[in-house]
Amino acid sequence: MHPAPCFRLEGVIAGPDDAPILRGVTVDIPTRGITCLLGRSGSGKTTLLRLLDRLDDPIAGSIGLDGAPLAELDPIALRRRVAMVFQRPPLFDGDVLANLCVARPDLNAAVAAEVVGRVGLDAELLGRDARDLSGGEAQRMCFARALLTSPDVVLADEPTASLDGAARLRIEELARRIAAEGVGIVWVTHDPAQVRRLADRVVVLVDGVVAAAGTLAEIDADTRASVRELLS
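Numbered by my numbering, the letters in the sequence shown go through residues 58 to 289 in order.
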């Protein structure tokens with residue numbers, strides 16, 4: 058049996074040299090299904106996520122993707138395999154189609170209509186100024202932009218943090234659909250209720266170290282106070 062595709066972090070230290078945020082992280086993160094990185098603000102969730110796309114590099118330790126050292130992969134090629142969606146949607150000048158073309162400059166209207174439909178947006182929005190989109194629409198456009206590179210995995214850094222309840226649930230539903238299509242998702246959150254709605258696997262970070270990792274059932278069975286407090 059072949060091992061499941063994953064990121065593998067071994068002894069990873071990352072952050073400022075004089076005050077590392079991650080301190081000796083060793084963990085496997087699958088690139089199938091939805092893995093939630095759960096922890097309080099400052100626990101190292103976003104730092105870890107940025108390492109997976111080589112937006113930052115570790116001070117020490119190693120990171121691999123499906124057995125290949127991340128440090129040896131071309132960053133541009135890596136970021137086509139590993140797309141990222143940020144907490145605040147980065148919007149560029151112009152309409153939605155122009156924003157999508159940032160990911161694929163040769164994009165035509167037919168493919169653009171298909172990808173916005175895939176994230177639950179109407180093709181009529183392609184001609185709208187991107188800055189006129191609602192928060193939820195803008196975030197779904199960013200998921201569409203990420204999907205245009207046909208990634209193996211999408212990294213999502215608290216993508217619903219600034220959205221209201223209904224928009225948040227629509228983005229979560231979108232994440233589940235994307236995962237069901239075979240695109241893995243690594244999702245940063247501090248919300249235990251969101252973890253329960255989304256996660257196939259959970260990595261719990263406490264003060265820059267992995268306190269627990271496993272399925273939701275395994276995490277629920279963990280009796281340590283540091284883990285229980287985050288899930289309550």
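No residue lacks a Cβ here, since even glycine has one placed at the ideal position from N, Cα and C. All of these numbers come straight from a predicted model, not from anything done at the bench.
Going by Cα to Cα distance, which pick from D186, I228 and L220 is closest to A201? As a working note, residue 201 is residue 144 in the sequence shown. Of the listed residues, the one whose Cα sits closest to A201 is I228.
Tell me which residues share the same chain as G174 and place their Cβ nearer than 7 Å to its Cβ, disregarding the 5 neighbours each side in the sequence. Here the question's residue 174 lines up with position 117 in the sequence shown. Correct list, in chain order: A180.
Pick from A213, L262, A237 and G192 that is closest to V245, judged by C-alpha positions: Numbered from 1 along the sequence shown, position 188 holds the residue referred to as residue 245. The shortest Cα separation from V245 among A213, L262, A237 and G192 belongs to A213.
Outcome for N165 when other beta-carbon atoms lying within 10 angstroms are tallied against a minimum of 16: As a first step, residue 165 must be located in the sequence shown, where it is residue number 108. Classification of N165: exposed, given that the 10 Å Cβ count is below 16.
So, under 8 Å CB-CB, L154 and A169 are touching, yes? Tell me the CB distance rounded to an integer number of Å. Counted from its first residue, the sequence shown places residue 154 at position 97. Counted from its first residue, the sequence shown places residue 169 at position 112. Confirmed, Cβ separation roughly 5 Å.
T83: first and last residue of the uninterrupted beta strand (DSSP E) it sits in: As a position in the sequence shown, residue 83 is number 26, starting the count at 1. From DSSP, the beta strand (DSSP E) with T83 extends over L79 to P87.
Answer with buried or exposed for D131, where buried requires no fewer than 16 other C-beta atoms within 10 angstroms of its C-beta. By one-based count along the sequence shown, residue 131 stands at place 74. It counts as exposed.
Taking a contact to mean a Cβ-Cβ separation below 8 Å, would you say G99 touches L287 in this structure? Along the sequence shown, one-based indexing puts residue 99 at 42. Along the sequence shown, one-based indexing puts residue 287 at 230. Cβ distance not < 8 Å, so G99 and L287 don't count as in contact.
Tell me the DSSP secondary structure of D179 in three-state form. Looking up residue 179 in the sequence shown gives position 122. Correct three-state label for D179: coil.
Compute the distance between the beta-carbons of G90 and R253, then report whether it is under 8 Å. As a first step, residue 90 is located in the sequence shown; it is residue number 33 there, counting from the start. As a first step, residue 253 is located in the sequence shown; it is residue number 196 there, counting from the start. G90 is not a Cβ neighbour of R253, given a cutoff of 8 Å.
I'd like the span of the alpha helix (DSSP H) that includes G193, first residue to last. One-based indexing of the sequence shown puts residue 193 at position 136. Segment G192 to L204, the alpha helix (DSSP H) holding G193.
Does the beta-carbon of T92 have 16 or more other beta-carbons within 10 angstroms, so that it is buried, or is it exposed? Walking along the sequence shown from the start, residue 92 turns up at place 35. Under this definition T92 is a buried residue.
Please report the Cβ distance between E73 and G241, rounded to the nearest whole angstrom; I am assuming they are in contact, meaning their Cβ atoms lie under 8 Å. Within the sequence shown, residue 73 is the residue found at index 16, counting from 1. Within the sequence shown, residue 241 is the residue found at index 184, counting from 1. Correcting the residue identity first, residue 73 is Pro in this sequence and not Glu. Going by Cβ atoms, the distance from P73 to G241 rounds to 29 Å, so no, they are not a contact pair.
In the DSSP assignment, the alpha helix (DSSP H) including D277 goes from what residue to what residue? Here residue 277 refers to the residue found at position 220 of the sequence shown. From DSSP, the alpha helix (DSSP H) with D277 extends over L273 to D277.
Using 10 angstroms around the beta-carbon of L64, count the other beta-carbons present and answer buried if the total reaches 16, otherwise exposed. Here residue 64 refers to the residue found at position 7 of the sequence shown. It should be noted that the sequence gives Phe, not Leu, for residue 64. Label assigned to F64: buried.
T103 - containing beta strand (DSSP E), residue span: Working through the sequence shown from its first residue, we reach residue 103 at position 46. No beta strand (DSSP E) holds T103; the alpha helix (DSSP H) holding it covers K102 to L109.
Where does the unbroken alpha helix (DSSP H) through R185 begin, and where does it stop? Within the sequence shown, residue 185 is the residue found at index 128, counting from 1. Element bounds for R185: n/a, residue is neither H nor E.
In whole angstroms, give me the CA-to-CA distance for V211 and V243. Residue 211 sits at position 154 when you count from the first residue of the sequence shown. Residue 243 sits at position 186 when you count from the first residue of the sequence shown. For V211 and V243, the distance between alpha carbons rounds to 6 Å.
Would you list the one or two residues that DSSP bridges to I228? Numbered from its first residue, the sequence shown carries residue 228 at position 171. None; I228 has no bridge partner.
Cα separation between D221 and E194? In the sequence shown, residue 221 corresponds to position 164, counting from 1. In the sequence shown, residue 194 corresponds to position 137, counting from 1. Each residue's alpha carbon lies about 12 Å from the other.
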